[in-house]
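What follows is a single structure, written as structure tokens, with notes after it.
There are 4 protein chains.
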Amino acid sequence: MQYHTHDIQIYYEDTDLSGLVYHANYLKFFERAREHLLGAGELVRLYHDIGVGFVVYKAELTFREGARLGNLLEVRTRVVVDGRYRAIFHQSLWRPGRETPMVDSAIQLVCVDQTQNLVPIPEHLISRLAEFAPPPPPSAT
Amino acid sequence: MQYHTHDIQIYYEDTDLSGLVYHANYLKFFERAREHLLGAGELVRLYHDIGVGFVVYKAELTFREGARLGNLLEVRTRVVVDGRYRAIFHQSLWRPGRETPMVDSAIQLVCVDQTQNLVPIPEHLISRLAEFAPPPPPSAT
Amino acid sequence: MQYHTHDIQIYYEDTDLSGLVYHANYLKFFERAREHLLGAGELVRLYHDIGVGFVVYKAELTFREGARLGNLLEVRTRVVVDGRYRAIFHQSLWRPGRETPMVDSAIQLVCVDQTQNLVPIPEHLISRLAEFAPPPPPSAT
Amino acid sequence: MQYHTHDIQIYYEDTDLSGLVYHANYLKFFERAREHLLGAGELVRLYHDIGVGFVVYKAELTFREGARLGNLLEVRTRVVVDGRYRAIFHQSLWRPGRETPMVDSAIQLVCVDQTQNLVPIPEHLISRLAEFAPPPPPSAT
Numbered sequence: 024m025q026y027h028t029h030d031i032q033i034y035y036e037d038t039d040l041s042g043l044v045y046h047a048n049y050l051k052f053f054e055r056a057r058e059h060l061l062g063a064g065e066l067v068r069l070y071h072d073i074g075v076g077f078v079v080y081k082a083e084l085t086f087r088e089g090a091r092l093g094n095l096l097e098v099r100t101r102v103v104v105d106g107r108y109r110a111i112f113h114q115s116l117w118r119p120g121r122e123t124p125m126v127d128s129a130i131q132l133v134c135v136d137q138t139q140n141l142v143p144i145p146e147h148l149i150s151r152l153a154e155f156a157p158p159p160p161p162s163a164t
Numbered sequence: 024m025q026y027h028t029h030d031i032q033i034y035y036e037d038t039d040l041s042g043l044v045y046h047a048n049y050l051k052f053f054e055r056a057r058e059h060l061l062g063a064g065e066l067v068r069l070y071h072d073i074g075v076g077f078v079v080y081k082a083e084l085t086f087r088e089g090a091r092l093g094n095l096l097e098v099r100t101r102v103v104v105d106g107r108y109r110a111i112f113h114q115s116l117w118r119p120g121r122e123t124p125m126v127d128s129a130i131q132l133v134c135v136d137q138t139q140n141l142v143p144i145p146e147h148l149i150s151r152l153a154e155f156a157p158p159p160p161p162s163a164t
Numbered sequence: 024m025q026y027h028t029h030d031i032q033i034y035y036e037d038t039d040l041s042g043l044v045y046h047a048n049y050l051k052f053f054e055r056a057r058e059h060l061l062g063a064g065e066l067v068r069l070y071h072d073i074g075v076g077f078v079v080y081k082a083e084l085t086f087r088e089g090a091r092l093g094n095l096l097e098v099r100t101r102v103v104v105d106g107r108y109r110a111i112f113h114q115s116l117w118r119p120g121r122e123t124p125m126v127d128s129a130i131q132l133v134c135v136d137q138t139q140n141l142v143p144i145p146e147h148l149i150s151r152l153a154e155f156a157p158p159p160p161p162s163a164t
Numbered sequence: 024m025q026y027h028t029h030d031i032q033i034y035y036e037d038t039d040l041s042g043l044v045y046h047a048n049y050l051k052f053f054e055r056a057r058e059h060l061l062g063a064g065e066l067v068r069l070y071h072d073i074g075v076g077f078v079v080y081k082a083e084l085t086f087r088e089g090a091r092l093g094n095l096l097e098v099r100t101r102v103v104v105d106g107r108y109r110a111i112f113h114q115s116l117w118r119p120g121r122e123t124p125m126v127d128s129a130i131q132l133v134c135v136d137q138t139q140n141l142v143p144i145p146e147h148l149i150s151r152l153a154e155f156a157p158p159p160p161p162s163a164t
């Protein structure tokens, strides 16, 4: 039931000549939300102390409606942890009060060390991510 | 057999603190390649003369290897035109001489008018896109 | 005595391989602060209703200290309105509690119409900008 | 008489809702030109071998005319080396065949080590930069 929310305001820098947000920038908004969910301080410590960082391995995005200058929007994030190595962030961008998201995505992250080799996601972060797990499916009965 | 190629050089602006290219920027490289394939002049005419533009509807990306400052890379593009309304760009980023791409993607574009309503892709562009169609599957015999 | 403040958090997207914020991005932070000072809704109305927009004519920046991932910083803005045509935004980026700014700037804006011709800054915006005028120099006596 | 030139094509990613290039992006174009002038390989070696990098200390920009999607433009660069510590890049953006630049700038760079302390510009780069020195003033006689 629980999802993480992060507010986004659309600035000039985000738009292109169509008047709408340039498509690649939605990936930035989703990453900002992930940095808030995990904590920027935590990410910095992880990188400096043990040389581990998150990297995006796969991303799937559907762009349904474009955002415009001045829009105040909300990124909603749920996380599925898949084993020790992989977390899938289901992130979507919402206009407050609407029934459908403007953009939705599934963004798969893994952890790598300084030589870009795969390492397990640190335990304490798995717990943090688990707070935003999607609800279990309704029981059959 | 035929695919479109576009050269990319990695600059400071493309990197982030990991030393590798920031993930959202690969979408920019793929769009630059599409603008070359279609012709920037053609895109400008389309937009000013009949108010039609291409927009990204879906994007799927797999990030296999990160690019670094100074890398000279190549975007390769093939296009599957799917009816009158949809073109799927299969775009990948290559380090010259390698057997596998650093990043690959399927990016689905549609055309919209000034009110963001779906319109058919103009005929003359469908012909242009068809030049970069993937090869037919080998015949069964 | 009065200046406008706007908070900035540094994200991955803002950094480059040096580990510090890419220099051009500070201009984005200063523009976000200007959009908050003037009001994004006001800027949108101005553009849609009378076809007038602000453009940067000159910018002078001094970069004293680089910002890093996760830094929580503050943009401080004062505005000198110079006649009907020109507003000079004195904007600086601060680490809370420090005596000197990390970056400071003087950014000169003018208003233009749809054909990029100079027009006076609308009266009601001049009043808004005047709220953030620098303090008068101390009197000589 | 000699200046360095670097070609720029304007893409969707460079524009904002005004239809013109977003002001901060001109700083990116100027930096790309500097990377070509110095050589990206040289910059990478400098950073990896002796931990030295160039950073922008000051930038002054005047924006005279906005660039648009599809424009093919030229960055022209001259360099004034000022002692062992400072190089001033006079960089401007030109539309081919015009008498005045669209944007011009003076961008002051210094070298820093890994702890962000000032170090002299390496000798062999000073020679490289000197190739693009402005012409001497005409002699008085």
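Chains as they are written, first to last, in my numbering: chain A, 24 to 164; chain B, 24 to 164; chain C, 24 to 164; chain D, 24 to 164. For every residue, glycine included, the Cβ atom is placed at its ideal position computed from N, Cα and C.
Check, Outcome
"Distance CB(VAL67 of chain D)-CB(HIS46 of chain C) smaller than 8 Å", "no"
"Residue-level contact to chain D via CB, TYR26 of chain A, 8 Å cutoff", "no"
"Residue span of the beta strand (DSSP E) that contains HIS113 of chain A, given as start and end", "109-117"
"Closest by C-alpha distance to LEU95 of chain D, when choosing among D:VAL44, D:PHE77, D:VAL104 and D:ALA156", "D:VAL44"
"Alpha-carbon to alpha-carbon, GLY93 of chain C and GLU97 of chain B", "33 Å"
"9 Å Cβ cut-off: residues of chain G touching PHE86 of chain A", "Considering every chain present, this structure includes no chain G. Its protein chains are A, B, C and D."
"ARG91 of chain D beta carbon less than 8 Å from that of VAL126 of chain D", "no"
"Close-in-space but distant-in-sequence residues of the same chain around MET24 of chain D (CB under 8 Å, 5 per side omitted)", "Residue confidence is low: MET24 of chain D scores 49 on pLDDT, short of 50, so the model does not pin down where it sits. No coordinate-derived value is stated."
"Minimum Cβ-Cβ distance from ASP127 of chain A to chain D less than 8 Å", "no"
"Span of the beta strand (DSSP E), counted from its first residue to its last, around GLU97 of chain C", "95-105"
"DSSP-derived helix/strand/coil call for VAL75 of chain C", "coil"
"Beta-carbon proximity list for VAL133 of chain C, same chain, < 7 Å, skipping 5 on both sides", "VAL78, TYR80, TYR108, ARG109 and LEU141"
"Neighbourhood of THR38 of chain D by C-beta, 8 Å cutoff - its chain only, sequence neighbours within 5 removed", "VAL44, TYR45, ARG91 and LEU92"
"Between the CA atoms of ALA156 of chain B and THR28 of chain C - distance to the nearest angstrom", "53 Å"
"Alpha carbon of LEU148 of chain D to alpha carbon of LEU116 of chain A, nearest angstrom", "47 Å"
"Within 7 Å of chain C by C-beta, residues of the region 90-112 of chain A in sequence order", "LEU92 and GLY93"
"Same chain, Cβ closer than 7 Å to LEU152 of chain C, five either side skipped, listed in chain order", "VAL102, VAL104 and ALA110"
"Straight-line gap, ASP136 of chain D to GLU122 of chain A (C-alpha atoms, nearest Å)", "52 Å"
"Members of the region 119-147 of chain D that neighbour chain C once the beta carbon cut-off is set at 8 Å", "GLN139"
"Proximity to GLU54 of chain C [Cα-Cα], best of C:ALA129, C:TYR34, C:GLU146 and C:THR138", "C:ALA129"
"Cβ of LEU66 of chain A within 8 Å of any chain B Cβ", "no"
"Contacts that SER115 of chain B makes with chain A (C-beta to C-beta distance below 8 Å)", "Result: empty, since nearest Cβ-Cβ is about 14 Å, beyond 8 Å."
"Residues bridged to LEU43 of chain C (per DSSP)", "C:ARG91"
"Chain-ordered chain C contacts of LEU50 of chain D [CB-CB under 8 Å]", "HIS46, ALA47 and LEU50"
"Cβ pair GLY62 of chain B, TYR70 of chain B closer than 8 Å", "no"
"Proximity test, Cβ basis, 8 Å: SER162 of chain B and chain A", "no"
"Integer-rounded CB distance, given that GLY42 of chain B should sit under 8 Å from LEU84 of chain C", "Not really, about 25 Å apart at Cβ, beyond 8 Å."
"Cβ neighbours of ALA82 of chain D in the same chain (closer than 6 Å, five flanking residues each side left out)", "ILE130"
"Those residues which DSSP pairs with THR28 of chain A across a bridge", "A:ARG99"
"Within-8 Å CB hit, ALA56 of chain B to chain D", "no"
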